[in-house]
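Q:
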Amino acid sequence: MFRKDYLPFGKPNFSEQEVAAISEVLNSGWIGMGAQTNAFEEELAECLAAKHVVTVSSCTAALFLSLLVLGVKAGDEVICPSLTWCSTANVALYLGATPVFCDVDPETYCVTPESIQQKLTPKTKAVIVVHLGGLAQDMEKIHAIIPEGVSVVEDAAHALGSNYPNGKPVGSSGNLTCFSFYANKNLSTGEGGAIALFDEELTDRLKSLRQHGMPINAWKRFTHPKVMIQAELTELGYKMNYTDLQACIGRVQLKRQSEFAQTRLEIAQYYYEHLKISHPQLIFQQHVVNPFHARHLFLIQLPSFLSRDNILLELRERNIGASIHYPPLHKMPLYAKTNKASLPFTETICSHILTLPISAKMNIVDASYVVEQLQDLLSKVEV
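Here it is, written out as structure tokens:
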């Protein structure tokens, strides 16, 4: 018997605490970027062991502004994996730069120092490292092969709550590190993103760029009316700011992260333990049940003799929101015409990886249903 309600691959966990926080902001009369946003940035910086956090409208905006302030421009090259969401590469195009795709490791599904090194050229201006699924990469090893003059940006859209191999939280490396607060993320405010960093000058510039290039934002103008006459535009900026309506949700979500992390760990352990026993030919992303993995995604790799797409569609017929993370970008028409990269590991993995539902809104009953249905499907098609 199939379940009646659809189980999405990721679903936010909101409580009465978030509702009360929103009500408080609505009743305050100020819903734009203000005191709540400032407080959220400070609290998130402390959580990430970063000196500064700048909130923005999305992780895409965070990646774009990061490349912009690091000086990426037309004619430059930006190295990134092909196994990622399109924003990672698109932000290079926004600046007239060229994304250069590198391969990934077959066990972590993430870039390696070696795969990055193979793509370095005199035109390389930046490297974007993606912590896919919430598995943080060893940034110390990556930095060891990065030439002088090349910047590193971390795409940590999946990685809030994960730790580097040295035990420090993602966001504490010193790189510009970009987070997402989209609906399905470990910390959700519906939309939004943030940049964690240590450089005070870059922080000030990012805060200006996110709101039209204004040196003084609306909250400061509201609370200090006399400074309005001093607000002069000196640089072209963008409309990419965060709001207090989002920030008040984020502050509550931040306090609930240990609760969410425990639930995700329990779901991941259930999947891993039951599927590994019943179907040992399945491959799991490395370290998915280790403490330093944020478990934003739960990725499995099906055997090559199975049709991943058929399994995916069958699971969806059974109201299980399995998904694919991700089709390779270097094969997309947008990039394929100008990018002839051969990425053997990425191309092999992308034909067989499948994402099972995991979220802080799930429970073991949900997980057991996923395991039961996947086991049933696998038993019918295996040879």
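Under our numbering, read the sequence shown as residues 934 to 1316, first letter to last.
No residue lacks a Cβ here, since even glycine has one placed at the ideal position from N, Cα and C.
It should be emphasised that the depicted structure is a prediction, and the values quoted were computed from it without experimental measurement.
1) Using the three-state DSSP reduction, which class does R936 fall into: helix, strand or coil?
2) Does the separation of the CB atoms of A1069 and F1278 fall below 9 Å?
3) Smallest Cα separation from L1248: which of L1310, G1107 and S1301?
4) Closer than 7 Å by C-beta to V1024: which residues in its own chain qualify, once you throw out the five before and the five after it? Chain order, please.
5) Mind pulling the alpha helix (DSSP H) runs of 4 or more residues that sit fully within the stretch 1121-1209?
6) Cα separation between C1019 and S1301?
7) Considering only the alpha carbon of each residue, which of L1026, T1017 and V1002 lies closest to V1011?
8) Can you tell me whether DSSP reads V1298 as helix, strand or coil?
9) Looking at the unbroken beta strand (DSSP E) that takes in S990, where does it start and where does it end?
10) Output the boundary residues of the beta strand (DSSP E) element that contains Q1234.
11) Using a Cβ-Cβ cutoff of less than 6 Å, which residues in the same chain neighbour K984 once the five nearest sequence positions on both sides are dropped?
12) Is the separation between the beta-carbon of F1231 and that of I1200 shorter than 9 Å?
13) N1119 and R1184 - do their beta-carbons sit closer together than 9 Å?
14) To the nearest angstrom, how far is it from the Cα of V1316 to the Cα of L1142?
15) Quick one: grab the DSSP three-state call for P1260.
16) To the nearest whole angstrom, what separates the beta carbons of P945 and N1117, a pair I think is in contact under 8 Å?
17) Among the residues of its own chain, which have a CB less than 8 Å from the CB of A1096, if the five just before and after it don't count?
18) For S990 and E1124, which I take to be in contact (beta-carbon distance under 8 Å), what is that distance rounded to the nearest angstrom?
19) Does the distance from the CB of G1066 to the CB of Q1218 come in under 9 Å?
20) So what does DSSP say about A1269, is it helix, strand or coil?
21) Report the three-state DSSP secondary structure of L977 (helix, strand or coil).
22) Is the distance from the Cβ of Y1171 to the Cβ of V1303 below 9 Å?
23) Which residue comes first and which comes last in the alpha helix (DSSP H) that contains Q1278?
24) Which two residues bound the contiguous beta strand (DSSP E) that contains D1088?
25) Given that a residue counts as buried once 16 or more other Cβ atoms are within 10 Å of its Cβ, and exposed if not, what is Y1259?
26) Within 8 Å, do at least three Cβ pairs link the stretch 1069-1078 to the stretch 1032-1051?
27) Run through DSSP, which three-state label would L1311 get?
28) Whose CA, out of I1182, A1227, E1280 and P1080, lies closest to the CA of T1122?
29) When burial is assigned at 16 or more other CB atoms within 10 Å of the CB, is Q1051 buried or exposed?
A: So, to answer that:
1) coil
2) no
3) L1310
4) T993, L996, F997 and L1000
5) Runs found: 1133-1142, 1151-1156 and 1177-1188.
6) 32 Å
7) L1026
8) helix
9) Neither: S990 is in no beta strand (DSSP E) and is coded neither H nor E.
10) F1231 to Q1234
11) F1131
12) Taking 9 Å as the Cβ cut-off, F1231 and I1200 qualify as a contacting pair.
13) no
14) Low confidence applies here, because V1316 scores a pLDDT of 45, under 50, leaving its location unreliable; read the following figure in that light. Roughly 57 Å separates the two Cα atoms.
15) coil
16) P945 to N1117, Cβ: 7 Å. Contact.
17) Position check: residue 1096 holds Asn in this sequence, whereas Ala was assumed. Around N1096: A1069, P1102, V1103, P1224 and F1225.
18) 7 Å
19) In contact: G1066 and Q1218 (Cβ atoms closer than 9 Å).
20) helix
21) helix
22) no
23) It is Phe, not Gln, that sits at residue 1278 in the sequence shown. For F1278, the enclosing alpha helix (DSSP H) covers residues P1277 to C1283.
24) For D1088, the uninterrupted beta strand (DSSP E) segment begins and ends at S1084 to D1088.
25) If you draw a 10 Å sphere on the C-beta of Y1259, you find 16 or more other C-beta atoms in it, and that means buried.
26) Between the stretch 1032-1051 and the stretch 1069-1078, the count of C-beta pairs closer than 8 Å reaches three or more; the two stretches touch.
27) helix
28) Taking only the C-alpha atoms, the option nearest T1122 is I1182.
29) Exposed, by the Cβ-count rule.
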